[in-house]
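Inspection log for the structure reproduced underneath, given as structure tokens.
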Amino acid sequence: MRRNQVAVVGAAETTELGVIPNASQLQLHADAALNAIADAGLRLSDIDGFATAVETPQQVCHYLGIKPTWVDGTSVGGCSFMLHVRHAAAAIEAGLCKTVLITHAESGKSMIGKLPRSTPADSLNGQFEAPYGVYGPPSMFPIPVLRFMKTYGITHEQLASVAVVQREWAAKNPRAMMKDPITVADVLNSRMIAYPFRLLQCCLVTDGGGALILTSADRARDFPRKPVYIMGTGESVETPMVSQMETFNSSRAFKTAGPLAFKEAGIAHKDVDHLMIYDAFAHLPLFGLGDLGFMSYEETGKFIADGNTRPGAKLPLNTNGGGLSYMHSGMYGMYALQESVRQMRGIAPAQVPNAKISVCHGVGGMFAASGTIVFTNER
Amino acid sequence: MAEPQRARPKPTPETQHFWDGTKAGELRLQRCDACAHVYFPPRPFCPSCASRKVSIFKASGKGFLYSYVINHRPAAPGFTPPYAIAVVELDEGPRMMSNIIDCPQTPEALELDMKLEVAFEALDDKITLPVFRPAKG
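The following block contains the structure:
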């Protein structure tokens with residue numbers, strides 16, 4: 001894909017984030033969509049392309065009253081929205097549609113109108129993982145981390161520091177769920193969830209949503225907001241079974257999606273002003289820093305523990321507070337994208353001064369899938 | 380009301396030989412006749428070279444502890460926390476999820492790379508699960 005040919009011209013989260021007991025999941029999609037449409041200065045009738053995950057495009061389009069000529073229902077977990085951005089950019093460039101709306105919403109906490117997730121007993125996961133007591137992401141996502149720690153000499157304290165640093169960012173974000181400062185000791189003394197991870201190393205469970213609107217870069221100049229260009233994109237999948245990853249020392253999906261996006265954008269790591277790495281659990285930023293090639297895996301833990309990703313430091317990472325402290329409805333990728341767009345627009349609550357390039361890296365379905373988007377505010 | 384039960388696998392045509400094996404006290408893997416790749420989970424072709432000529436064989440049942448979590452909460456139905464959810468690397472190459480029996484479910488006892496051997500745990504008269512315990516000697 002050619003870089004900077006497509007731009008984000010509308011971006012918004014749901015009116016409320018956190019605990020939203022007065023709206024169904026479907027209505028949260030609509031709330032996010034209507035906010036994004038208002039942000040872009042558009043009408044619903046202007047939307048001719050639509051993408052969403054978990055809920056189907058037909059469900060959300062009908063609820064909103066959208067009549068699309070292009071849809072994408074890619075649903076690969078929390079990074080689905082990174083893939084939607086990539087697919088939408090290709091569709092707009094190919095002339096399949098002009099203005100794409102991407103929505104996410106999840107009643108993750110209040111569970112209103114939320115579709116049940118189940119693992120059929122005759123699926124491969126149902127036969128070869130479920131019988132061993134996996135029960136939700138906390139019991140599965142951290143399974144690789146002890147091997148990763150042993151291979152690279154990563155310490156428990158370093159993994160705890162991920163949560164500490166992100167709480168510093170969250171404190172600067174009025175909409176973050178958790179804003180009180182925490183220490184490494186607080187993290188290591190919090191309730192055990194799935195050894196080696198404790199409560200403060202696991203994502204929040206909240207309600208909310210977000211939506212993005214994309215159009216061609218040429219059209220983007222006529223919109224009210226500063227365009228945020230899609231500079232590079234990457235995607236991949238590996239396996240829905242965490243036990244069947246090629247290795248626990250890295251993520252194959254990360255190592256495919258990330259470098260693809262960097263190559264397409266034509267950037268080097270030193271060019272990155274702002275970085276989002278989907279942090280459903282505290283080990284993901286370490287995998288991301290290594291798999292995306294920012295540094296050796298051995299350095300990742302020390303890099304974060306030494307404060308290099310804190311406010312004011314050289315590599316601002318997860319500047320909304322991340323899934324650990326900002327919000328996590330179940331599929332966090334949309335919120336990471338929203339923060340990258342805010343940073344590129346220059347309106348983030350914890351704005352990185354003069355940031356011109358933002359890398360937004362997502363993960364989905366444990367380590368099943370990955371999507372990476374490189375944004376820029378300069379064409 | 381009965382207690383919620385541990386998740387029970389339901390075999391498919393492609394995996395039936397595996398579950399027949401565990402019931403007979405054998406851990407069965409598949410090997411590609413064309414490229415000798417050994418793989419898991421079961422399927423009637425080689426995921427490395429796409430050959431449909433593959434053979435089922437009895438694995439050694441030996442391996443080592445590749446990684447794990449000790450799950451505290453929420454616990455799956457039929458499990459009493461804390462319990463380890465482990466990934467075992469078999470001597471033949473493939474890895475599989477399992478539980479570790481005859482071993483305290485603690486970080487001190489569950490040492491990465493410790494040698495393991497397969498054991499079989501009957502869930503009912505149809506399904507027997509392969510689990511692992513510390514290897515003897």
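These protein sequences, in sequence, are chains A and B.
Heads up, the first sequence is in the numbering used here, so the first residue is 1 and it goes up one at a time.
Heads up, the second sequence is in the numbering used here, so the first residue is 380 and it goes up one at a time.
Each residue gets a CB set at the ideal place from its N, CA and C atoms; glycine is no exception.
Because the structure is a prediction, the values reported are computed rather than measured.
Cut-off 6 Å between Cβ atoms - residues of its own chain near residue i, not counting five sequence neighbours on either side
i	result
Tyr297/A	Tyr152 and Gly290
Ser477/B	Ala465, Val467, Val510 and Phe511
Met344/A	Val228, Ser358, Phe375 and Asn377
Val341/A	Val8, Ala11 and Val228
Leu214/A	Val6, Val8, Ala88 and Val100
Arg175/A	Leu17
N-terminal and C-terminal residue of the alpha helix (DSSP H) that residue i is part of
i	result
Tyr445/B	No alpha helix (DSSP H) contains Tyr445/B, which is instead part of the beta strand (DSSP E) from Lys441 to Asn450.
Asp186/A	Val184 to Asn189
Phe81/A	Ser80 to Ala94
Ile37/A	Gln25 to Ala40
Glu152/A	Checking the sequence shown, residue 152/A turns out to be Tyr, not Glu. Here the alpha helix (DSSP H) through Tyr152/A covers Val145 to Tyr152.
Lys255/A	Arg252 to Ala265
Leu64/A	Pro57 to Leu64
His416/B	Element bounds for His416/B: n/a, residue is neither H nor E.
Gly323/A	Gly322 to Ser325
Ala170/A	His156 to Ala170
His269/A	That residue, His269/A, is in no alpha helix (DSSP H); it is neither H nor E in DSSP.
Ser243/A	Run containing Ser243/A: none; DSSP gives neither H nor E here.
Inter-residue CB distance, residue i and residue j (contact presumed, cutoff 8 Å)
i	j	result
Val76/A	Gly364/A	5 Å
Thr394/B	Pro420/B	7 Å
Met82/A	Leu337/A	7 Å
Val448/B	Gln409/B	Incorrect: roughly 28 Å between the Cβ atoms, too far for contact.
Trp398/B	Pro392/B	At roughly 11 Å, the Cβ-Cβ gap does not stay under 8 Å, so Trp398/B and Pro392/B are not in contact.
Ile304/A	Gln201/A	Contact flag wrong, Cβ pair sits at about 13 Å.
Ala386/B	Gly136/A	That belief does not hold up - the Cβ atoms of Ala386/B and Gly136/A are roughly 13 Å apart, past 8 Å.
Leu315/A	Leu284/A	With a Cβ gap of about 15 Å, Leu315/A and Leu284/A do not count as contacting.
Arg225/A	Asp39/A	7 Å
Inter-residue Cα distance where the pair is residue i and residue j
i	j	result
Asn308/A	Val60/A	41 Å
Ser446/B	Met192/A	18 Å
Ala514/B	Asn189/A	34 Å
Lys505/B	Lys172/A	57 Å
Thr206/A	Ala30/A	17 Å
Ala282/A	Asn318/A	12 Å
Phe106/A	Lys114/A	Per the sequence presented here, residue 106/A reads as Glu, with Phe not at that position. Their backbone Cα atoms lie some 7 Å apart in a straight line.
Thr382/A	Asn249/A	In the structure as shown, chain A begins at 1 and stops at 379. Residue 382/A is therefore absent and cannot be evaluated.
Gln166/A	Ser325/A	7 Å
Arg86/A	Ile357/A	17 Å
Asp306/A	Ala170/A	18 Å
Val162/A	Asp186/A	12 Å
Arg431/B	Glu238/A	22 Å
Ile479/B	Thr247/A	20 Å
Ile182/A	Val164/A	6 Å
Arg405/B	Arg117/A	Checking the displayed sequence, the identity of residue 405/B turns out to be Glu instead of Arg. So the two alpha carbons sit approximately 33 Å from each other.
Glu16/A	Met177/A	11 Å
Ala36/A	Arg43/A	10 Å
Gln384/B	Phe294/A	45 Å
Cys482/B	Asn450/B	15 Å
First through last residue of the beta strand (DSSP E) which encompasses residue i
i	result
Gln338/A	Where Gln338/A is concerned, there is no enclosing beta strand (DSSP E), although the alpha helix (DSSP H) it sits in stretches over Gly333 to Arg345.
Tyr229/A	Val228 to Val237
Val300/A	Residue identity differs from the one stated: residue 300/A is Thr in this sequence, not Val. Element bounds for Thr300/A: not the beta strand (DSSP E) but the alpha helix (DSSP H), Tyr297 to Ala305.
Gly472/B	Counting along the chain, Gly472/B falls outside any beta strand (DSSP E), and DSSP gives it neither H nor E.
Leu214/A	Asp207 to Ser216
Ala282/A	Segment: none, Ala282/A is in no beta strand (DSSP E) and carries neither H nor E.
Lys67/A	Careful: Lys67/A lies outside any beta strand (DSSP E) and carries neither H nor E.
Ala128/A	Residue identity check: residue 128/A is Phe in the sequence provided, not Ala. Element bounds for Phe128/A: not the beta strand (DSSP E) but the alpha helix (DSSP H), Leu124 to Phe128.
Cβ shell of residue i (< 7 Å), same chain only, five flanking positions each side left out
i	result
Ala33/A	Leu64, Leu101, Thr103 and Ala211
Ala257/A	Gly234, Glu235, Ser236, Ser370, Gly371 and Thr372
Thr401/B	Phe499, Thr507, Leu508 and Pro509
Ala194/A	Pro138, Ser139 and Pro142
Ser80/A	Ala53, Thr74, Met331, Gly333 and Gly364
Asp273/A	Val352, Ala355, Lys356, Ile357 and Ser358
Ser110/A	Val19, Ile20, Pro21 and Asp207
Ala265/A	Arg3, Met231, Gly232 and Val374
Cβ-based neighbour list, residue i, same chain, cut-off 8 Å, excluding 5 preceding and 5 following
i	result
Ile347/A	none
Glu490/B	Leu444
Leu124/A	Pro240 and Met241
His396/B	Arg407, Pro421 and Ile435
Cys428/B	Cys411, Ala413, Cys414 and His416
Thr69/A	Asp48, Gly49, Leu96 and Cys97
Pro196/A	Pro142, Val145, Leu146, Met149, His156 and Leu159
> Would you call the stretch 430–445 of chain B and the stretch 483–500 of chain B in contact, with 3 or more CB pairs under 8 Å?
Replying inline: yes
> Contact between the stretch 131–149 of chain A and the stretch 238–254 of chain A: three or more CB pairs below 8 Å?
Replying inline: yes
>> I want to know whether the stretch 89–100 of chain A touches the stretch 42–61 of chain A - three or more CB-CB distances under 8 Å.
In response: yes
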